[in-house]
Structure formats: structure tokens, C-alpha cells
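First up is the structure itself, then whatever we jot down about it.
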């Protein structure tokens, strides 16, 4: 056991010392422990050959965390965190000139402490009063802007709320600060002139509206030597059908067969078909079929992708 007991003159029992010479987390304050288990666990020997009894163990609550397996040592005048016990749990303990940190292997900071009188201490009373927020180290400018960009340029108040409430896995437990304006955010806030509102209909039953698009030719053909892909999406449920074709010429027969079979199986009528302005859809053959079965085909401009189908194909609209 370290001689730290005889070198310290600390007036508040709420200070916990980060001690590399301590084999286990220890405290002499029984009131700090939760879920206390009273059990004789041996003795602790000091540097002057004195010893005292380990009367049990429990947990110490710090903000939103609980440090388990903290020994209760009768008569111990100080609280000690063991560096070795932290490391055995897969954590990292780092020391700097004026501070120390306990963090996970992923770099998530769990505890921070200060250096005073050549000792590194953590004030448990301050941690408890400020909840988990006081456990956060300040992120560097590069870290702050890196996570700002990673989370779709989310504002820093919202990012800090995510950290505080532990809502994002892998987000470092740090305090993120804005030290300058983001050029991308400024550009995003430059709005286009408003367009007049247009009335849009909503599908109220399956097959009311089908979105269709033909993708290809693919650079690499399938096992069956097919290079085209026909995607059909039901607007009502977003249920998707995918057909693989050798060429564009097969699209007509596949679509006609699909519509007829689907209408029979579901006992419903296709009302509208929405496609782009491609020649595989906009031709006399398709127009004749749509007239015969009383379908309305909505054509979109070639420059505007069908967003519903493009999302299914992995194409950014």
C-alpha cells in the first residue's frame, strides 16, 4: 500500500485520489457506498507495518456512472481509486501536467481530475452536484468541427445534449464548442425563392399508384447475363418488385404481365403509373396499353429522378 495516507493533509473526505500504488479502490466512508456487502475480505497493510480490516465492498455513484467493487476499509481517512483496477476493466488512465483522465479504449472520457500538491484527485461532491456534465473534457476545435460535420452539421447545443443524454453510440463524452462560423451552414441557410404550393394526391389503397424506373445497362452482367433492372414500387405501402432484363425491349412485356397478374392476385385495379420521360416508357405501345386498361401515366422530366424509385436503386435524386 502506498504511503499516500501519511503525506496527505486533505480536509474533505469527498476528494478521491488516483493512486497507482493502490491495489484496489478503497474508502473509509461507509456512507459513500451503495449496495454494500458486509464481508471480511482480508487486511490492508501500510508502509509503517500497521494494518486495518477490509469490512466489505460496494459501489460508488458518480453522476450517471457506478464504480463497482470499492472496498470499505475501516479507519481509512481518504478515498482511493486504483489505477490497476481501472486497467483490469479495460479502461485507460492518462496523466498530464495538471489533469488526469479515465477513459475507454474508444476515447470516451469517463472521469477527469485535477492535480494539486503533486496528487491527482477527483472531487466527488462536484461530480454529483453537476451530474454527468462535469465529467466531460473540453473537445479540441478540430474534434468539435469533425463531429459537427459527421452529424449532418447539427448545432453544438444539440450535439452536447446528445452527449449529456448518451444518445449516440461512439460519440465522445466531451464538451463541444463553436469557435467560428461554419461556411457550409451559412451556404445552406441561403434559401431559394419560394415556389407556389401545388395540390398533391395521396394513395389511399394498394396499386393506386405505381412508380417505375429502368436502370442499366450495368457494367457487370448478372449470372443469367442480364444487364438491366426494372424497379416497381407501390406508393401506398412502398412494397417493391425488381425484375432483371437482358435489354430494354423486354420492359413492355414484363410490365404488362406484372400489372395483369398483380391485379388478379390482389383483386385491385392499378390507377396510375409514374415513370420518367425515357423512351422505354413513352412510346406508342405503352400509350395504347394504358388507353385500353384506362391507366393514367404521369411522366416526369428526364432531369428529375423519380425519388421513390431512385431511393430503392441507391441513386441520389
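In mature numbering (1 follows the signal peptide of the UniProt record, and there is no 0), the protein residues as written are -16 to -1, 1 to 301. From the three backbone atoms N, C-alpha and C, an ideal C-beta is built for every residue, glycine too.
Same chain, Cβ closer than 7 Å to residue i, neighbours up to 5 away in sequence not counted
i           : result
residue 238 : 214, 227, 229
residue 117 : Because the pLDDT at residue 117 is just 34, under 50, the model does not fix this residue reliably, and the value given afterwards should be weighed accordingly. Correct list, in chain order: 148.
residue 91  : 156
residue 66  : 3, 6, 7, 8, 9
residue 200 : 211, 212, 213
residue 70  : 77, 86
residue 55  : 8, 9, 10, 25, 38, 41
residue 120 : Here the model assigns residue 120 a pLDDT of 44, short of 50, so the residue's position is not dependable, and the following value carries that caveat. Here the set comprises 93, 147, 157, 158, 159.
Residue i burial status per 10 Å Cβ neighbour count (16 or more: buried)
i           : result
residue 264 : buried
residue 197 : buried
residue 158 : buried
residue 114 : Residue placement at residue 114 is poorly supported in this model, since its pLDDT is 39, which falls under 50; the coordinates are not used for a value here.
residue 164 : exposed
residue 241 : exposed
residue 151 : exposed
residue 112 : Low per-residue confidence applies at residue 112: pLDDT is 41, beneath 50, and the placement is therefore not dependable, though the value from the model is reported in the following sentence. Exposed, since its Cβ has fewer than 16 Cβ neighbours within 10 Å.
residue 24  : exposed
residue 142 : exposed
residue 34  : exposed
residue 320 : A question about residue 320 goes unanswered here, because the residues of the chain that appear run from -16 up to 301.
Residues of its chain near residue i, where Cβ-Cβ distance is below 8 Å and the 5 sequence neighbours each way are ignored
i           : result
residue 74  : 88, 89
residue 224 : 215, 216, 217, 218, 296
residue 140 : 128, 132, 160, 161, 162
residue 81  : 99
residue 209 : 230
residue 18  : 42, 43, 44, 45, 50
residue 205 : 211
residue 253 : 191, 247
Spatially closest choice to residue i from the options, by CA coordinates
i           : options            : result
residue 153 : 137, 131, 166      : 131
residue 126 : 144, 80, 161       : 161
residue 195 : 257, 7, 16, 62     : 257
residue 192 : 204, 8, 243, 236   : 243
residue 188 : 211, 253, 208, 220 : 220
residue 68  : 86, 56, 19, 82     : 86
residue 15  : 247, 40, 137       : 40
residue 167 : 133, 151, 200, 271 : 133
residue 94  : 102, 100, 106      : 106
residue 268 : 172, 236, 79, 21   : 236
Start-to-end residues for the beta strand (DSSP E) that takes in residue i
i           : result
residue 40  : 35 to 46
residue 256 : 256 to 259
residue 197 : 193 to 199
residue 92  : Per DSSP, residue 92 belongs to no beta strand (DSSP E) and is neither H nor E.
residue 224 : 224 to 229
residue 203 : Taken as a continuous stretch (DSSP letters only), residue 203 belongs to no beta strand (DSSP E), as it is neither H nor E.
Residue i CB to nearest heavy atom of the ligand ATP below 7 Å
i          : result
residue 56 : Among the ligands in the structure shown, none appear at all, so the ligand ATP cannot be discussed.
Nearest-angstrom beta carbon gap, residue j and residue i [assumed within contact, 8 Å]
i          : j          : result
residue 58 : residue 36 : 6 Å
Limits of the alpha helix (DSSP H) - the one that residue i falls within
i           : result
residue 67  : 67 to 72
residue 168 : 167 to 172
residue 17  : Premise fails: residue 17 lies in the beta strand (DSSP E), 17 to 22, not in any alpha helix (DSSP H).
residue 76  : Run containing residue 76: none in the alpha helix (DSSP H); it sits in the beta strand (DSSP E), 76 to 79.
residue 144 : 140 to 148
residue 250 : 235 to 250
Cutoff 6 Å; reference residue i; Cβ partners in own chain excluding five residues on either side
i           : result
residue 51  : 44
residue 64  : 1, 3, 6, 10
residue 202 : 211
residue 53  : 41
residue 233 : none
residue 84  : 2, 97, 104
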